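A.B. asks: Numbered by my numbering, the letters in the sequence shown go through residues 16 to 360 in order.
The C-beta atom is built at its ideal place from N, Cα and C for all residues, glycine as well.
Keep in mind that this is a model prediction, so the values were computed, not measured.
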Amino acid sequence: MRVAQVSTLYESVPPRAYGGIERVVSYLTEGLVALGHDVTLFASGDSRTRARLVAGSDVPLREIEDTADPQALHFAMLEDVVRRSGEFDIVHFHVDYLHFPFSARLSCPHLTTLHWRLDVPGLAQLYARFPDVPLVSISDAQRAPLASLNWQRTIYHGLPAHLYDYCAEPADHVAFLGRIAPAKRPDLAIEIAQRAGLPLEIAAKVDHGDRWYYERDIEPLLHDARVRFVGEVADAEKGRFLGRARALLFPVDWPEPFGLVMAEALACGTPVVAFRRGSVAEVIEDGVTGFVVDSVDEAVDALRQIGSIDRRACRDAFERRFTAARMTREYVDVYERVASHALRR
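1. What residue range does the beta strand (DSSP E) around S59 cover?
2. From the DSSP output, in three-state form, read off S217 for me.
3. Could you work out which residue in F306, I217 and D53 is closest to R194 when comparing CA atoms only?
4. In angstroms, rounded to a whole number, what distance separates the CA positions of A332 and L281?
5. Are at least three pairs of beta-carbons, each pair with one atom in the stretch 318-329 and one in the stretch 221-237, less than 8 Å apart?
6. Could you give the distance in angstroms between the alpha-carbon of R38 and the alpha-carbon of W166?
7. Since C329 contacts R259 with CB under 8 Å, what's their CB separation in whole angstroms?
8. Grouping DSSP H, G and I as helix and E and B as strand, with all else coil, what is A317?
9. Could you tell me which residues DSSP pairs with F191 in its beta bridges?
10. Quick check on S163: buried or exposed, where buried means 16 or more other Cβ atoms within 10 Å of its Cβ?
11. Near Y229, which residues of its chain fall below 7 Å by C-beta distance, leaving aside the five closest residues on each side in sequence?
12. Does DSSP classify G254 as helix, strand or coil?
13. Beta-carbon within less than 6 Å of G173's beta-carbon, same chain only, minus the 5 sequence neighbours each way: which residues are those?
14. The alpha helix (DSSP H) that contains S363, what's its start and end?
15. Could you give the uninterrupted runs of the beta strand (DSSP E) lying entirely in the stretch 83-163, keeping only those of 3 residues or more?
16. Let's see if you can read the secondary structure: which residues bound the beta strand (DSSP E) around R168?
Dropping the structure here:
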């Protein structure tokens, strides 16, 4: 098939360090190319891909966020997609709902993966105006607030099977990986590790908009000698960072649509202790690949039992459920169904 992948422009594809959506777009794009599909990627100009790259911006928008209008650059890219849509059998969007007004002008079928939460006021009114847009959810929990939309399938994120090595013998510390933001609750990760008597390593990005939170609420907690902040880590360091940890702490305080870092931890054989929010109970098998908890007290108790989790079972669950090859095959199935349906109309 001739497939267009349309990414956000906030990070390159794949991102140099932190970035969930763009990382998944990269895994999917390269997976489609490996299967022999003709793929065009609309993304930032510094993206790295074996597909045909069409630059929507010269650099990731995070690098110019104080000087550029992100919506203007996204809209310009979406207009380019419309004008070139006759070249494709299907266009796959990853830009939330930004393209919905453009979609009616496409010369080919289209599909949208929603990567964000759907319980925000105003979204119901928006999606009601576009009831026919075919959608993919990244967890069943994500779609629950708007269950009546034109959902085609839930497809869990996946990553390359050999991206991270399995680690059977971890060190003594636990890990927090992601972004320093109120919804991610790194403060709770610190509290949980402290109460469990375990060292904590934090590898996290501090967005420009979250700098205030880092400086006010998190930086003072880093003076504890058993808490080590290492900043952002790229893929080259991420496998070692996760694999050496006894457990990943994922104390999120929002309806997490998927949580790619949980799958990354499982790939390394590292069990996850996560709060029961959003997709967590779909990704983590309680008592098998980690523990799904409802409070700090339960998280502390879970860390005390973490030795009961078989790290090989974590890796096996990753290989069974969260590889990029599985994700790519499932998307191809949806592409073919959506394209076939469009031809019959």
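C.D. replies: From the atom records:
1. D53 to S59
2. The sequence given here has Ile at residue 217, not Ser. Residue state, collapsed to three classes: strand.
3. I217
4. 7 Å
5. no
6. 23 Å
7. Incorrect: roughly 14 Å between the Cβ atoms, too far for contact.
8. helix
9. I217
10. exposed
11. I195 and V221
12. helix
13. F337, T338, A339, R341 and M342
14. For residue 363 there is no data in the structure shown, the boundaries of the chain being 16 and 360.
15. 105-108, 125-128 and 150-152
16. W166 to T169
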